[in-house]
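Visitor:
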Amino acid sequence: NFVPPVKSNGGNTSNMISSRVLGKSDDALEDSTRKCLEMLCGPDGELPEKLRNLEPRLIEHVSNEIMDKDPNVRWSDIAGLEHAKKCVVEMVIWPLLRPDIFRGCRSPGRGLLLFGPPGTGKTMIGKAIAGEAKATFFYISASSLTSKWIGEGEKLVRALFGVASCRQPAVIFVDEIDSLLSQRKSDGEHESSRRLKTQFLIEMEGFDSGNEQILLIGATNRPQELDEAARRRLTKRLYIPLPSAEARAWIIRNLLEKDGLFKLSEEDIVAICRLTEGYSGSDMKNLVKDASMGPLREALRQGIEITKLQKEDMRPVTLQDFENALQEVRPSVSSNELSTYEDWNRQFGSLA
Ligand code: ADP
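By UniProt numbering, the letter at position 351 of the sequence shown is numbered 693, and the numbering carries on one by one without gaps.
Encoded structure:
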């Protein structure tokens, strides 16, 4: 149970924090930073050991930008992927909910890799895991560590794992994990990115061997770039493929129904599904968006002014709207790419 630190009469908590963390006076910390550190203090009003040597501004960045307090995705929002969902429940959700049972022989892997084409629901799965397991969700794109946090990536990684360990159970989702743990570069690899990779593997090793309730999920659409060390740590590797026809139908229905725009017949849906072979979940979303503009564009073409337009002036979305949208929204994944994923899945995937 989290008990907020209480300010005592002598020195207040924030003073204790700042002197411990920075060796500076309280004034040196911004209000927002101080507040954020206070939130991480234990019942004794002290900052946990792991965070003491970290820079407060990085802790603040992790708490405010990387930590997602309300990921807000449920299993029921994700179309298809039944098999992957089932595995995830057993491999990660149960162990996070019942660590007492999942010990010894049953102790779970702490690293999960979700691989497959872009826009197929990998991030959604990560968020849903956090939601279902009542865990804190941390999202970071690995490429931001190398591009945006040049030279500071290592420190940010330490802050990330440090804050996560104070917010257990925690799910750390690392998008584009290949850019962090790739096997290429080795010769021309920059010293800094090598150090970043080492730091990352050390942190993973740390919680893997301990009793921490932290799960690391890496997502990638370039699994073939991961090296052996990365594969070894990401013990479960799930292929997240393109949506099936049923899943595509579900996405269309779900998005349109949410807005009260669903009036398509079963035959229309079947026709759209036939025409969208090879579309990813996110392509489908873009397609529905574009199709739903059809009735609006038509009403405006008929001379109704946008400011005067009533919802009733617009007809429902039709098959024709989808056919028009299909000209604009093309599938983003090629069949060549798909066979790469399937090959890798056969070789390294957990469910191959
Ligand atoms: P990625 O696999 O690249 O992490 P995301 O999970 O970020 O993809 O998905 C991007 C968007 O595409 C989602 O916000 C959602 O709207 C849509 N989408 C992708 N896959 C699915 C799916 N299986 N079910 C429902 N929506 C999906």
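Glycine included, each C-beta is placed from N, C-alpha and C at the ideal position. Treat the numbers as computed from the prediction; the structure is a model and nothing was measured.
1) Please state whether DSSP places Thr562 in a helix, a strand or coil.
2) Less than 8 Å between the C-beta atoms of Gly620 and Pro673, yes or no?
3) Kindly indicate which three-state DSSP category Phe444 falls into: helix, strand or coil?
4) Determine the closest residue to Ile467 out of Leu638, Leu423, Ile556 and Gln644, with distance taken between C-alpha atoms.
5) Is Ala472 near the ligand ADP - that is, is its Cβ less than 7 Å away from at least one heavy atom of it?
6) Mind checking who Gly453 pairs with in its DSSP beta bridge?
7) What is the DSSP secondary structure of Ile420, reduced to helix, strand or coil?
8) Check each candidate in Phe503, Pro441, Leu454 and Leu455 and name the one with the smallest Cα separation from Ser405.
9) Would you identify the three-state DSSP class for Arg509, choosing helix, strand or coil?
10) Between the C-alpha atoms of Leu382 and Pro450, what's the straight-line distance to the nearest angstrom?
11) Whose C-beta lies closer than 6 Å to the C-beta of Leu538 among residues of the same chain, with five residues either side of it excluded?
12) In angstroms, rounded to a whole number, what distance separates the CA positions of Asp663 and Ser681?
13) Pull the bridge partners of Phe480 from the DSSP assignment, please.
14) Using 7 Å as the cut-off, classify the Cβ of Gly691 as near or not near the heavy atoms of the ligand ADP, replying yes or no.
15) According to DSSP, which residues form a beta bridge with Arg579?
16) When DSSP labels each residue in this structure, what does Leu584 get in the three-state scheme?
17) Three or more C-beta pairs under 8 Å: does that hold for the stretch 675–692 against the stretch 559–566?
18) Using the three-state DSSP reduction, which class does Ser524 fall into: helix, strand or coil?
19) What does a CB cutoff of less than 8 Å around Pro460 pick up in its chain, not counting 5 residues either side in sequence?
20) Since Pro507 and Ile471 should fall inside the 8 Å C-beta cutoff, what is the C-beta to C-beta distance between them, to a whole number of angstroms?
Guide: Judging by the given coordinates:
1) strand
2) yes
3) coil
4) Leu423
5) no
6) Looking at the DSSP assignment, Gly453 forms a beta bridge with Leu558.
7) coil
8) Phe503
9) coil
10) 27 Å
11) Gly495 and Glu496
12) 32 Å
13) Met409 and Ile514
14) Distances between the C-beta of Gly691 and the heavy atoms of the ligand ADP are all 7 Å or more.
15) Leu455
16) coil
17) In short, these stretches touch, since the Cβ pair count reaches three.
18) The DSSP-derived three-state label of Ser524 is strand.
19) Asn563, Ser622, Ser624, Ser674 and Val675
20) In the sequence under discussion, the amino acid at residue 507 is Ser, which differs from the Pro named in the question. About 18 Å separates the two Cβ atoms, so there is no contact after all.
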